[in-house]
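Student: The numbers in the numbering used here rise by one with no breaks, and the one at position 202 of the sequence shown is 243. Idealized CB from N, CA, C, for every residue including glycine. Bear in mind the structure is a predicted one, so any value in this text is a computation, not a measurement.
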Amino acid sequence: MRKIFLILCYILINVDYCEAQIDTIQVSKNYKTLLIFDDDIAESIIGNDFEFFQEIVQGNSDFNSRILKLSFNRGANSKNNFTNLTVITSSGVTLDYILEAVKIPKKLTFKIDTGSNKTDQTNQKFKKELLKSEHNIESKIISSNKSRYSLDVNETNFETISEEINREPNRLDSLYKNDRNEFYRLKCFYNQYEKEKIARYFVRNGDVFFQLKTVYYSYGDIFFHFKIENKQTIDLDIDFINYSIATNYKKSSSNQETLLQPVYLFQQPETVEGESSNHFFVVFKKFTLEKHNILRIDLKEKNGARTIQFDINDELINNPIKF
């Protein structure tokens, strides 16, 4: 009897240990890691939601609510590369994971069996929809300046005319050569409200926020997508916004700045009305930065004290997303 009791204890301990084990999922700045569940996601919680980013896939499929996209904030500078993720499904199943930030994940897609009780009919329907969903979120790897980025196809929500333009590379080439400003205008116009690809990269002065949404690269030009949000009731009248390349050596009194002239401005605001926001693009000819260089943006209010200095590091500028 004692031997049987010890065997049962050993089995129970090992079962508890197996259940307590937490899988580690690798994420990165330049790739999207996908978690595909067999049940709807009711809630997902990340411990460090400033440097680790999550998003449930958007779309028309009933099963998009079962796909979770994970990435590491491209603007993060912290050396703490771990956090926790808890996912609760609509059936009440709770799943715990450790997220690890790495340069290139060993695996980009995880199909997760939650063990919830589903009918065969529902599971067969899910498998069919899953194939369609996987096709819709198929990642494509783009090489540019020896860097690689994973872009989700369904994240590019151009208007119909923009899609037609992008399907005609010869027309784009011709437009870029013959009417450069119109090329810039179209690129910016159809992407001005695109969701940010760089999560939570901003500076603020009180309730005025200056955010970098994305850095793009196209035809030898760099496009910076910005948003200024004025949460105060009084309008922000802008005296100037200057762009410069600056050195950023710590404890140095010899840091220098060189003014950088944009080749095109799209809807850069002169006034940001109270309780409103403005999305705009600034285009420069291609440039890269050394390790201790930054792009510095200085905004000054006209007849006011609200000023903002926004420093953008070399990693973001040297690794743009292909437009």
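Comparing the C-beta of residue 235 with each C-beta of chain B, is any distance below 8 Å?
Tutor: Here there is only one protein chain, and chain B is not present.
Student: Whole-angstrom Cβ separation of residue 328 and residue 263, contact assumed at under 8 Å?
Tutor: 7 Å
Student: Given a threshold of 16 other Cβ atoms within 10 Å of its Cβ, counted over all protein chains shown, does residue 254 qualify as buried or as exposed?
Tutor: buried
Student: Beta carbon of residue 81, beta carbon of residue 130: below 8 Å?
Tutor: Inclusion of residue 81 and residue 130 in the CB contact set at 8 Å is warranted, their separation being smaller than that value.
Student: When you compare the stretch 272–286 with the stretch 339–346, are there three or more beta-carbon pairs, one atom per stretch, that lie closer than 8 Å?
Tutor: yes
Student: For residue 177 and residue 97, I'd like the C-alpha separation in whole angstroms.
Tutor: Model confidence at residue 177 stands at a pLDDT of 46, short of 50, so the residue's coordinates are unreliable and nothing is read from them.
Student: What's the call for residue 79, buried or exposed, on a 16-neighbour Cβ count within 10 Å?
Tutor: buried
Student: Are residue 142 and residue 122 close, meaning C-beta to C-beta below 8 Å?
Tutor: At the C-beta level, residue 142 and residue 122 come within 8 Å of one another.
Student: Exposed or buried, which one is residue 296 when buried takes at least 16 other CB atoms within 10 Å?
Tutor: Exposed.
Student: Tell me which same chain residues have a C-beta within less than 6 Å of the C-beta of residue 356, skipping the five on either side of it?
Tutor: none
Student: Starting from the Cα of residue 88, find the closest Cα among 114, 346, 127 and give me that residue.
Tutor: Ranking 114, 346, 127 by Cα distance to residue 88 puts 127 first.
Student: By the three-class DSSP mapping on this structure, what secondary structure does residue 349 have?
Tutor: Reduced to three states, the DSSP call for residue 349 is strand.
Student: State the Cα-Cα distance for the pair residue 134 and residue 140, rounded to the nearest angstrom.
Tutor: 19 Å
Student: Counting C-beta neighbours from all protein chains within 10 Å, is the total for residue 108 16 or more, i.e. buried, or is it exposed?
Tutor: buried
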